[in-house]
Amino acid sequence: MGENQAVDLGLPTDNDSLFSGGGAAFYQYIERNYNGVKSTPWEGGQYGFVRDPTDTAGGVVYTRFHEGIDIRPLHRDGRGEPLDEVRAIADGKVVHTNLVPGYSNYGKYIVIEHHWDSSNYYSLYGHLSSIAVRSGDTVKRGQPIAVMGYTGTGLNRERAHLHLELNLMLSHQFEAWYNTFFRNDPNHNGIYNGMNLIGLDIARLYLALHKNPSLTIPQFLSREEIFYEVTVPKSRHFELPKLYPWMLTAGNRSEKSSWEVSFAQSGVPLRIESSDKNVTQPELSYARKSSVDYSHTTRDVISGHGANAHLTDYGRQLMRLLIWPD
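611 is the number of the first residue of the sequence shown in our numbering; add one for each residue after it.
Written as structure tokens, this is what we have:
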């Protein structure tokens, strides 16, 4: 595949309401019970902080992050079973299929690796009822790979949908790291576990590509706001600059004492700079001002307020993944 081939993305099902502005027609709703009021907002099917509203001094904040988009079905049989065909959103190679629903919150799911701008990205298709491809298969954009379903956690037939993500990978050392910190909860999905795949805003990417088909992912992510920065010790195992060389800022290819990694609020790494700071373990070096406790707005990577913001235990573990096993 060409190094800088265009990010030619197709939608994964027949549902194309994303482009005609019909949020309720495109996204599958979630069931919400907040302060005793039950509702079914389609907004909960979007990417981002769209779930688990919580009252704070600064108003209602949505604390649970949704890493992909939930696309509602267009076709059902007489019993209401979803029939929508699921297709690869771009050319690539199938790198993982999970056939056992109980092995993941995603239920049965597929991961496809795509190669653009010298880097690998991973599309993930969750809650499938059946899978038509296997690991190692090469697939073309638009090729049928599965049928929509409702396998996975907390789903019923009525709320059947396709959960779609487009991800960056954090580390190929993920399994050793995971087994150190989470050994009581077996990992059945290797490096294609959702914790190791960080999703970008795929709906916004579709819309941006619609306007500018030559847009690259680094260009798309360069518009993201930096929400926090973490300094990590220099390590020969630090893979991000090798996986995503475009993250390295100009003039920062020489290694100093440590690396400073900038993240979007979603947790997507955006930029890597070398730093003279001397740290022996990951340390928070910047967090955007916020009136709300950071644990609500950073997927629990940071907690505290203002000047006392710091990495949580989970945040420190996650940052250690970037330089594991150091």
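Note that CB positions come from ideal geometry on N, CA and C, so glycine has one too.
**Minimum length 3: unbroken beta strand (DSSP E) runs contained in the stretch 860–897** = Within the stretch 860–897, the complete beta strand (DSSP E) runs of at least 3 residues are 868–873, 879–885 and 893–897.
**Request:** Quick one: measure Cβ to Cβ for Asn777 and Tyr735, integer angstroms, because I've assumed they're closer than 8 Å.
**Result:** Separation of the CB atoms of Asn777 and Tyr735 is rounded to 12 Å, and the pair is thereby denied contact status at 8 Å.
**Prompt:** How is Lys750 classed by DSSP in three states: helix, strand or coil?
**Reply:** coil
**Asked** Which same chain residues, not among the five before or five after Leu780, have their C-beta less than 7 Å away from its C-beta?
**Response** Asn806, Ile808, Leu931 and Leu932
**Asked** When the Cα of Gln638 is compared with those of His798, Ala770, Leu774 and Phe792, which residue comes out closest?
**Response** Ala770
**Message:** Is the separation between the beta-carbon of His718 and that of Leu738 shorter than 9 Å?
**Reply:** First, the residue type needs correcting, since residue 718 is Lys and not His in the sequence shown. In contact: Lys718 and Leu738 (Cβ atoms closer than 9 Å).
**Asked** Of all the options Ser905, Val696 and Ser729, which has the alpha carbon lying nearest to the alpha carbon of Met758?
**Response** Val696
**Message:** Tell me the residue span of the alpha helix (DSSP H) that contains His725.
**Reply:** Careful: His725 lies outside any alpha helix (DSSP H), inside the beta strand (DSSP E) at Lys718 to Trp726.
**Request:** May I ask you to list the residues that DSSP assigns as paired with Gly669?
**Result:** Thr666
**Prompt:** Rounded to whole angstroms, how far is the Cβ of Pro851 from the Cβ of Ile882, which I believe are closer than 8 Å?
**Reply:** 5 Å
**Message:** Do Val749 and Gly702 count as a contact pair if the criterion is CB distance below 9 Å?
**Reply:** In this structure, the beta-carbon distance from Gly702 to Val749 falls below 9 Å.
**Request:** Would you mind reading off the limits of the beta strand (DSSP E) that contains Gly646?
**Result:** No beta strand (DSSP E) holds Gly646; DSSP gives it neither H nor E.
**Message:** I'd like the span of the alpha helix (DSSP H) that includes Lys852, first residue to last.
**Reply:** Leu850 to Leu853
**Item:** Proximal residues to Glu775 (C-beta, below 6 Å), its chain only, five neighbours per side dropped
**Value:** Once the five neighbours on either side are set aside, the close Cβ partners of Glu775 are Glu677, Gly678, Leu734 and Gly809.
**Message:** Between which residues of its own chain and Thr650 is the CB-CB distance below 8 Å, once the five residues before and five after are set aside?
**Reply:** The residues are Tyr639, Ile640, Glu641 and Arg642.
**Prompt:** Expressed to the nearest angstrom, what Euclidean distance is found between the alpha-carbon atoms of Val721 and Thr907?
**Reply:** 27 Å
**Asked** Whose C-beta lies closer than 6 Å to the C-beta of Asn803 among residues of the same chain, with five residues either side of it excluded?
**Response** Asn797
**Asked** Quick one: does Phe784 have its CB under 9 Å from some CB of chain D?
**Response** Chain labels in this structure do not include chain D; a single protein chain is all it has.
**Prompt:** Between Leu831 and Arg689, what straight-line distance do the alpha-carbon atoms span, to the nearest angstrom?
**Reply:** When rounded, the distance between both Cα atoms is 42 Å.
**Test item: CB-CB of Asp618 and Pro823 under 9 Å** = yes
**Prompt:** Using the rule of at least 16 other Cβ atoms within 10 Å of the residue's Cβ for burial, across every protein chain shown, is Ala700 buried or exposed?
**Reply:** buried
**Item:** Per-residue burial, Arg846 [other beta carbons within 10 Å of its own, 16 or more giving buried]
**Value:** Exposed is the call here.
**Request:** Could you check the C-alpha separation between Ile836 and Arg682 for me, to the nearest Å?
**Result:** 32 Å
**Message:** Which residues does DSSP list as the beta-bridge partners of Leu693?
**Reply:** DSSP, once it has assigned bridges, lists no residue as partnering Leu693.
**Request:** Would you mind reading off the limits of the alpha helix (DSSP H) that contains Ile699?
**Result:** Counting along the chain, Ile699 falls outside any alpha helix (DSSP H), and DSSP gives it neither H nor E.
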